[in-house]
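Below is one structure, written out as structure tokens; comments come after it.
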Amino acid sequence: MNEWRVLPCIVLLAGCAAGVRAAETDVELEARVMRIAAELRCPVCPNESVAESQAGLARDLREQVRRLLAEGRSEQEVLAYMSARHGDAVRYRPPWSASTWALWAAPSVLLAGGMACLCVALRRRQRLDAARFEPDPGEGAPR
Numbered sequence: 074m075n076e077w078r079v080l081p082c083i084v085l086l087a088g089c090a091a092g093v094r095a096a097e098t099d100v101e102l103e104a105r106v107m108r109i110a111a112e113l114r115c116p117v118c119p120n121e122s123v124a125e126s127q128a129g130l131a132r133d134l135r136e137q138v139r140r141l142l143a144e145g146r147s148e149q150e151v152l153a154y155m156s157a158r159h160g161d162a163v164r165y166r167p168p169w170s171a172s173t174w175a176l177w178a179a180p181s182v183l184l185a186g187g188m189a190c191l192c193v194a195l196r197r198r199q200r201l202d203a204a205r206f207e208p209d210p211g212e213g214a215p216r
């Protein structure tokens, strides 16, 4: 008779333990969702990530990330999926390619070119000033 009383207790405790494990998995999944969402730019709100934005599209993107992760995709696969679907502009750190390399290198190249032009202009000016203020031959001799 006592065995029949113990069996429902065991089933009840096993159900509680399974619920705790599911909650832990949900917390881990939610942390991964927010980590990926922080790397995605909200298409609606300027200068906000999908994790920060409260726009409807941002909520949809977070839900899509959650669904993809629940299907077993890796974080890199989710980011690649989002880039393929919404373009590289959706990522705060777009992958390196020929077009993005040019965008990242352009400020440095322009700065170096500007510095070179400034150096050339200053050297030219220095040579002109020295030639302009040299006394003409015979002018510096006493009379």
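Just add 73 to wherever you are in the sequence shown, counting from 1, and you've got the working numbering.
For glycine and all other residues, C-beta sits at the position ideal for the given N, C-alpha and C.
Buried/exposed call for residue 126, threshold 16 Cβ in 10 Å: buried
Would the beta-carbon of residue 152 fall within 9 Å of that of residue 112? yes
Grab the span of the alpha helix (DSSP H) containing residue 135 for me, first residue to last. 129-143
Following the continuous alpha helix (DSSP H) through residue 151, name the residue where it begins and the one where it ends. 148-159
Name the residue from 109, 138, 99 and 101 whose alpha carbon lies nearest to the alpha carbon of residue 166. 109
In whole angstroms, what separates the C-alpha of residue 107 from that of residue 193? 51 Å
Could you have a look at residue 78 and say whether DSSP puts it in helix, strand or coil? helix
Beta-carbon spacing of residue 117, residue 138 below 9 Å: no
Contacts around residue 164, its chain only, beta-carbon distance under 8 Å, and the 5 residues preceding and following it disregarded: 112, 113, 114, 152, 155 and 156
In its own chain, which residues sit with a C-beta less than 6 Å from the C-beta of residue 196, not counting the 5 before and 5 after it? none
To the nearest angstrom, report how far apart residue 180 and residue 99 are at their CA atoms. 43 Å
Are the CB atoms of residue 144 and residue 105 within a distance shorter than 9 Å? no
From the DSSP output, in three-state form, read off residue 196 for me. helix
Check this for me: beta carbons of residue 102 and residue 142, under 9 Å apart or not? yes
So what does residue 164 bridge to, in DSSP terms? 113
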